[in-house]
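Taking the numbering used here, the leading residue of the sequence shown gets 1, the next gets one more, and so forth. For every residue, glycine included, the Cβ atom is placed at its ideal position computed from N, Cα and C. These numbers were taken from a predicted model, which means no experiment stands behind them.
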Amino acid sequence: MSKWYRQTENTDGSVTMAVVAPFGETEIEVRFPCHICETMVNSSDSIEVIEPFYGADTNADSERASDTDICSCDKCNKDFEIDVVNSFGGMYIQVGGVKDGNIEYKIIKEDREPGGGD
Ligand SMILES: [Zn+2]
């Protein structure tokens with residue numbers, strides 16, 4: 001069964017990117033503690049990790065972001081925006097107001113075959 005992985009935040013503030021979706025078509029769920037009341041908040045839907053931009057020359061240019069998922073805390077109704085970015089170097093997740101190292105993700109659908117699925 002899929003398990004939750006915690007995003008790794010490095011001491012210099014960067015995030016270790018996870019290679020989960022080199023060819024796109026992968027879906028994840030995201031969860032994190034609300035920074036106001038510490039209730040665990042889950043993404044409202046599964047989020048598709050889209051494939052990197054293969055025409056790019058550099059890792060930075062290959063970054064492509066999924067549609068922003070907006071979810072809210074059940075307890076205090078704070079709204080959060082979840083952005084998932086994928087690149088040659090891997091994926092990272094950003095949630096407004098939440099420390100990168102507090103964000104966890106679970107892979108719920110994975111396709112590692114090029115051009116697989118539709
Ligand atoms: Zn809250």
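Where the beta strand (DSSP E) containing residue i begins and where it ends
i	result
valine 84	79-87
tyrosine 5	4-6
tyrosine 105	104-109
aspartate 69	69-72
glutamate 48	47-49
glycine 90	90-95
Closest by C-alpha distance to residue i, when choosing among the options
i	options	result
glycine 96	Glu63, Phe23, Asp61, Val41	Val41
arginine 6	Val20, Ser62, Val19, Gly101	Gly101
serine 66	Phe23, Cys37, Glu48	Glu48
glutamate 81	Thr16, Trp4, Ile103	Ile103
threonine 11	Ile108, Lys3, Lys99, Asp69	Lys99
arginine 64	Ser87, Cys76, Thr26	Ser87
phenylalanine 23	Asp69, Asp61, Tyr105, Tyr54	Tyr54
Distance, residue j Cα to residue i Cα
i	j	result
glycine 117	aspartate 45	Summary for glycine 117: the model assigns pLDDT 47, below 50, so the residue's position carries little reliability, and this model does not support an answer.
valine 84	cysteine 71	14 Å
glycine 89	cysteine 34	28 Å
valine 20	lysine 78	29 Å
threonine 58	serine 14	18 Å
tyrosine 92	threonine 8	9 Å
lysine 109	threonine 26	5 Å
threonine 16	tryptophan 4	16 Å
glutamate 51	isoleucine 28	13 Å
isoleucine 107	alanine 18	11 Å
arginine 31	cysteine 73	11 Å
cysteine 76	serine 62	37 Å
serine 2	aspartate 69	21 Å
tyrosine 105	isoleucine 36	20 Å
alanine 60	glutamine 94	16 Å
- Task: Kindly provide the chain-ordered list of residues whose Cβ lies closer than 6 Å to any non-hydrogen atom of ligand 1.
- Result: Cys34, Ile36, Cys37, Thr39, Cys73, Lys75, Cys76, Lys78
- Query: Enumerated in chain order, which unbroken segments of the beta strand (DSSP E) with a length of 3 residues or greater are wholly contained in the segment 11-41?
  - Reply: 26-33
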